[in-house]
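Each remark here refers to the structure printed beneath this line.
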Ligand SMILES: C[S@@+](CC[C@H](N)C(=O)[O-])C[C@H]1O[C@@H](n2cnc3c(N)ncnc32)[C@H](O)[C@@H]1O
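This is the structure:
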């Protein structure tokens, strides 16, 4: 009994240290908080993003590319890819922990591609829909990049953070955990 207790405490201690080191490295990797950390979409904001994406994709009969910039564990791509098997879903994720989680969760869905890469170094000219959940540092940089690269008519859904330059269609209030969050919809 005593050995079991000691082993459990050691396991908890090691897990705690591992997570501390992981979050420290992720914070350094993100340019000391410039790029968004691994925080999964949840609650009302997540539902709104999924609902709005579904509305757009339901109206799109031809095969279209949907990008999730920083796809985390694939929490947005998975339900959309199940519902729209004829569309292609591409998630970029540079952090190995969410990348491996997303790879594993999406393994049985051939219409999902999880790619370990920096989403700022990709090109989105062939996108039909772009999803993102970024932060203030990328407001101008990503807004400018998308506005330059996207084809006319492409939709962008940005959770929690506004993007510059892109023509705004709508903003939806999505209070989550009593935080006054919003979802921003754009169309090039
Ligand atoms: C706020 S989370 C998005 C969560 C995701 N939408 C979900 O539902 O799980 C942002 C993610 O973007 C990733 N990320 C941040 N900057 C990135 C970059 N430049 N390239 C690729 N991934 C990035 C982070 O590692 C993190 O997992």
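In my numbering, the protein residues as written are 8 to 195.
Cβ coordinates follow ideal geometry from the N, Cα and C atoms, glycine included.
Neighbour-count burial assignment, residue 145, 16 or more Cβ in a 10 Å radius = buried
Backbone CA spacing between residue 147 and residue 10 [nearest angstrom] = 56 Å
ask   = Among 28, 16, 162, which has the Cα closest to the Cα of residue 73?
value = 162
inquiry  = Counting C-beta neighbours from all protein chains within 10 Å, is the total for residue 48 16 or more, i.e. buried, or is it exposed?
reply    = buried
task = Use the C-beta contact count for residue 27: other C-beta atoms within 10 angstroms, 16 or more gives buried, fewer gives exposed.
result = exposed
query = Hey, is the segment 53-63 in contact with the segment 30-44, meaning 3+ C-beta pairs nearer than 8 Å?
reply = no
task = Would you check if the segment 129-145 and the segment 101-115 touch, i.e. whether three or more CB-CB distances between them fall below 8 Å?
result = no
task = Please find out if some non-hydrogen atom of ligand 1 comes closer than 7 Å to the beta-carbon of residue 163.
result = no
message = Using a 10 Å radius around the Cβ and a threshold of 16 neighbouring Cβ atoms, would you call residue 20 buried or exposed?
response = exposed
request  = Look at the alpha carbon of residue 170 and the alpha carbon of residue 190, and state the distance between them as a whole number of angstroms.
outcome  = 11 Å
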